[in-house]
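A.B. asks: Respectively, the protein sequence lines represent chains A and B.
Count along the first sequence starting at 1, add 6, and that's the number in the numbering used here.
Count along the second sequence starting at 1, add 3, and that's the number in the numbering used here.
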Amino acid sequence: MLSKDIEKAKSIIMNYDGPPIKIMEVCGTHTHEIFKLGIRNILPNNINLISGPGCPVCVTPTEFIDEAIYLALEKNITICTFGDLIRVPGTSSSLGDARSKGANIQMVYSPLDSVEYAINHPEQQVVFLSVGFETTTPASCIAVRNAKNIELKNFSILGANKTMYQAYLALKDAADAYIYPGHVCTMTGMSELYKLRDEENVSGAVTGFSASEILSSLAYIISETQKNKPFVANLYPRVVTEEGLIKAKTLVENTMESCDSIWRGLGIIEKSGMKLKKEYIDYDARAKYDIPKIVGKPNKGCKCGEVLRGDIKPFECPLFSKGCTPEHPIGACMVSNEGACSAYYKYGENLWKKN
Amino acid sequence: MEEKLVTLAHGAGGKQTAELIDSIFKSNFKSKNLTADDAAILNPPIGKMAFTTDGFIVSPFKFPGGNIGKLSICGTVNDLSCMGAKPMYLTVAFVIEEGFPLKDLEEIAQAMAKTADEAGVEIVAGDTKVAGKGQVDGVFITTTGVGQIMEGVDLSGAKAKDGDAIITTGDIGRHGCAILLSRDSYGLTADVKSDCAPLWNTIKSVLDTTKDIHVIRDATRGGVGTVLYEIAEQSQVGIHLDYAAIPVDDAVKGVCGMLGLDPLYLACEGTMVIFAPNDKAQAIVKTLNKGKYSKKAAIIGHVTNDMIAHVVVKTEIGTETLLPAPSGELLPRIC
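Spelled out as structure tokens, the structure:
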């Protein structure tokens, strides 16, 4: 027996027969859950669900991986990283390849684990690969502050932290409405989204990750879009507040400042990144190690950029499942569980296509 | 009192080796056929025989619900049982790391004897080697087994047919979850015991109910999901699962939810997957529900002629989606 909420939302979605609507789910976790719940298989043809750039691994540019490999192989530095990044291809190889050439690559679950590792291995220089959005940045800030407090000399971070607001702006014409990432909004609160609605006419709904939350947000967006007036709703109020997590926001503001940042597929987006402030410069690996300017060259056939912008579906990329698979990824979107290509591949989207 | 440890001398073949074998192995393995000679002399099985071998390197060697000794007997007993063979004889070979505590070895041997006894199988020959510190991790065990195939039984992973019901003999994923928790790498605690159990009596009760069964398979490494993909491929059929019908322990569900794992891909060591004609399925489940290790047995899905070589899942919202095929990111050294 399905709950009434789920039945009602399903019926709104399945019976929609108005003009075509493009909806972008920004967050990779939503992408994954939508597939896992089989939601795509009940969408009518006039609802086009596209997967956005909200997977930190997927938007990490080629040159970031190249920089990490340079540190690991040329400078003999220990790299601590979230597991997903190990398999992301750089220009000519991945961190996994570097490991097989003798580089010391440690997988960690939290930036704090890499501080712990540095404390326990004083003979090594340790660099944490700090990727992620508003949700993971505070933990990197705590790691750096902890390291500074104990004057740890063998720890620093290679930063690629990003903020979502500028990405929303860059993508504001990609879809009619957005399913906003529940976890990022938990941090930021709602004000950025009101600004997008009021200044840029961007519509969307914040939602959580359960079946009923995701279905309700789709049904809500479908109903509201028909009114032709920009809207924003917080459909995840049990977690997301108006003002966000002030303590975490203050921590980040006191530790990092905004900078330009490269997004795979989207290019440089002004002020969309975060880097350590001057007083923490000793913990910034780029300052500490004088890394040469690297220009990354992604595989020419790879269409991750178009996928991330929602211009094409993953199976429209010529490499999809032909050479690029989760076992042997060529593009970053095939690496992470949250990547759109990986989800399309694993859940056999092409098997279900009706035509 | 100082703890007694295994030394290289215990593996040298001399007096200490004999002492180790007598005090730990012979005192526990009490089969009349256990030999002091170079090979056991045995009566052969009647009719067809099943023959299998398996190595065990689980880390840690002790976990909630069992240890490497119990696991090494269950693994081979269950492999024989899956083919409809009554386990008759086992051989066991140990490679022990120098410095391994004798009391732990004793505990392992006791678990092996107890499990073999329960499964009705005799340990008839063995071997003990000691490797230098660091050359193995604790203790590795290999068991080899012979069984007698029950008359009228013909099982194979290639025999699943359109219309078959799919049954699991118990709740799934407990072994993989217990090992994961006992490694302590996630900072999680939960009350999860491995399902590690010898299943010959369970399988016999099923085969006594009906011989009209197509496939029985042990859902060990890779879990039930991997087994289903193997069978879908081998039999060239489609498999449809009802997610809500799959029995999963609440604690396992909680751990999986937190770590983003699917219990369908966690190993079982005391749970089998059975494919049988739909009209026999209720009787099989009814029999299983009375068994010691199969109280939670349930029908979890059925076989079709569409979606060949794929496993399709009915989700909690009544839609269908593909179960992602297994990939290489499973936990190492779980059995």
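Positions of the beta carbon are idealized from the N, C-alpha and C atoms, including for glycine.
Quick caveat: nothing in here was measured; it's all calculated off a predicted structure.
#1: So, is A:N361 buried or exposed, given that buried needs 16 or more other C-beta atoms within 10 angstroms?
#2: Leaving out five residues on either side along the sequence, give the residues of the same chain with a beta carbon under 6 Å from the beta carbon of A:G345.
#3: With a CB to CB cut of under 8 Å and the five nearest residues on each side skipped, what residues in its chain are close to B:D215?
#4: Provide the residue span of the alpha helix (DSSP H) that contains A:C192, from first to last.
#5: When you compare only the Cα positions, how much space is there between B:L103 and B:A134?
#6: For B:H178, name the three-state secondary structure that DSSP assigns.
#7: Kindly say whether A:K360, judged by its beta-carbon, lies nearer than 7 Å to any beta-carbon of chain B.
#8: If you compare alpha carbons, which of B:D245, B:G225, B:Y296, B:A328 is closest to B:C337?
#9: May I ask you to list, following chain order, the residues of the segment 326-356 of chain A that have a beta carbon less than 7 Å from some beta carbon of chain B?
#10: Considering A:D266, what are the terminal residues of the beta strand (DSSP E) in which it resides?
#11: Tell me whether A:G210 is buried or exposed, calling it buried when 16 or more other Cβ atoms sit within 10 Å of its Cβ.
#12: How is A:P298 classed by DSSP in three states: helix, strand or coil?
#13: Consult DSSP for A:K360 and reduce its assignment to one of helix, strand or coil.
#14: Per the DSSP calculation, B:I219 is bridged to which residue(s)?
#15: With 7 Å set as the bound, which would you pick, yes or no: does the beta-carbon of A:I148 sit closer than that to a beta-carbon of chain B?
#16: Under DSSP, the alpha helix (DSSP H) around B:P90 begins and ends at which residues?
#17: Establish whether the CB of A:A217 and some CB of chain B are separated by less than 7 Å.
#18: Which residue spans inside the segment 32-92 of chain A form an unbroken alpha helix (DSSP H) run of at least 4?
#19: Find the residues of chain B that neighbour A:G44, judging by a C-beta separation of less than 7 Å, and give them in chain order.
#20: Give me, in chain order, the residues of the same chain whose beta-carbon lies closer than 6 Å to that of A:K294; leave out the 5 immediate sequence neighbours on both sides.
#21: Throw me the rounded Cβ distance for the B:I287 and B:I170 pair, which I believe falls under 8 Å.
#22: Quick one: is A:L8 near chain B, going by C-beta distance under 7 Å?
#23: Alpha carbon to alpha carbon, how far is B:A21 from B:A270?
#24: Between the alpha carbons of B:G155 and A:E312, how many angstroms are there, rounded?
#25: Along chain A, which residues have their Cβ under 7 Å away from the Cβ of B:S330?
#26: Verify the CB distance criterion: does A:Y226 have a CB-CB separation below 7 Å to chain B?
#27: On a CA-only basis, which of A:Y115, A:A183, A:I56, A:I83 is nearest B:Y189? Give me that one, please.
#28: May I have the straight-line CA-CA distance separating B:D57 from A:T87, to the nearest angstrom?
#29: Kindly provide the ranges of any alpha helix (DSSP H) runs that are 4 or more residues long and lie completely inside the segment 153-207 of chain B, ordered along the chain.
#30: Is the Cβ of B:K289 closer than 7 Å to any Cβ of chain A?
#31: Could you give the distance in angstroms between the alpha-carbon of A:I40 and the alpha-carbon of A:Y350?
#32: Could you name the residues of the same chain whose beta carbon sits closer than 7 Å to that of B:S34, not counting the 5 residues immediately before and after it, in chain order?
#33: Should A:G354 be labelled buried (16 or more other beta-carbon atoms within 10 Å of its own) or exposed?
#34: Rounded C-beta distance between B:I144 and B:S62? I'm assuming under 8 Å.
#35: Could you pull out every residue in the same chain whose Cβ sits closer than 7 Å to the Cβ of A:K154, ignoring the five residues on either side in sequence?
C.D. replies: Taking the geometry as given:
#1: Confidence in A:N361 is poor, its pLDDT being 33 and thus under 50, which makes the residue's placement unreliable; the coordinate value appears in the next sentence. Within 10 angstroms of the beta-carbon of A:N361 lie fewer than 16 other beta-carbons, which makes it exposed.
#2: So the list reads C61, C64, C339, once near-sequence residues are dropped.
#3: In the same chain as B:D215, and ignoring 5 residues on each side of it, the C-beta atoms closer than 8 Å to its own belong to A279, P280, K283, in chain order.
#4: The identity of residue 192 of chain A in the sequence shown is Thr, whereas the question assumes Cys. Per DSSP, the unbroken alpha helix (DSSP H) holding A:T192 starts and ends at 188-194.
#5: The displayed chain sequence assigns Phe, not Leu, to residue 103 of chain B. In a straight line, the C-alpha of B:F103 is about 10 Å away from that of B:A134.
#6: Looking at B:H178 - three-state DSSP - the assignment turns out to be helix.
#7: Bear in mind that the predicted position of A:K360 carries a pLDDT of just 43, short of 50, making it too unreliable to give a figure here.
#8: In the sequence under discussion, the amino acid at residue 337 of chain B is Ile, which differs from the Cys named in the question. Per the C-alpha coordinates, the member of B:D245, B:G225, B:Y296, B:A328 positioned closest to B:I337 is B:G225.
#9: Residues are counted here when their Cβ sits less than 7 Å from a Cβ of chain B; for the segment 326-356 of chain A these are P332, E333, K352, Y353, G354, given in chain order.
#10: Where A:D266 is concerned, the enclosing beta strand (DSSP E) stretches over 262-269.
#11: The residue is buried, with at least 16 neighbouring Cβ atoms inside 10 Å.
#12: It is coil, neither helix nor strand.
#13: Residue confidence for A:K360 is low, a pLDDT of 43 falling below 50, so the modelled location carries little weight; the figure read from the coordinates is stated next. Coil at A:K360, not helix or strand.
#14: Paired residue(s): B:I277.
#15: No Cβ of chain B is located within less than 7 Å of the beta carbon of A:I148.
#16: First-last for B:P90: 88-100, but that is the beta strand (DSSP E), not the alpha helix (DSSP H).
#17: Chain B, which has a Cβ nearer than 7 Å to the Cβ of A:A217, makes this yes.
#18: Entirely contained in the segment 32-92 of chain A, the alpha helix (DSSP H) runs reaching 4 residues are, in chain order, 34-42, 68-80.
#19: Chain B residues near A:G44: T318, T322, E323, T324.
#20: Closer than 6 Å at the Cβ level, and outside the excluded window around A:K294, lie S162.
#21: Confirmed, Cβ separation roughly 6 Å.
#22: A:L8 counts as touching chain B.
#23: Cα to Cα, B:A21 sits roughly 37 Å from B:A270.
#24: Their backbone Cα atoms lie some 59 Å apart in a straight line.
#25: Residues of chain A passing the Cβ test: P332, E333.
#26: By this cut-off, A:Y226 is not an interface position.
#27: Of the residues A:Y115, A:A183, A:I56, A:I83, the one whose Cα lies closest to the Cα of B:Y189 is A:Y115.
#28: Note on geometry: alpha-carbon atoms of B:D57 and A:T87 lie some 36 Å from one another.
#29: Counting only runs of 4+ residues, the alpha helix (DSSP H) found wholly inside the segment 153-207 of chain B occupies 177-185, in chain order.
#30: By this cut-off, B:K289 is not an interface position.
#31: Approximately 11 Å between the Cα atoms of the pair.
#32: Apart from the 5 residues on each side of it in sequence, B:S34 sits with its Cβ closer than 7 Å to the Cβ of E125, I126, V127 in its chain, given in chain order.
#33: Buried, since its Cβ has 16 or more Cβ neighbours within 10 Å.
#34: In fact, because the Cβ distance is near 13 Å, the residues do not count as touching under 8 Å.
#35: For A:K154, where only same-chain residues beyond five positions count, the Cβ hits under 7 Å are Y286, Y289.
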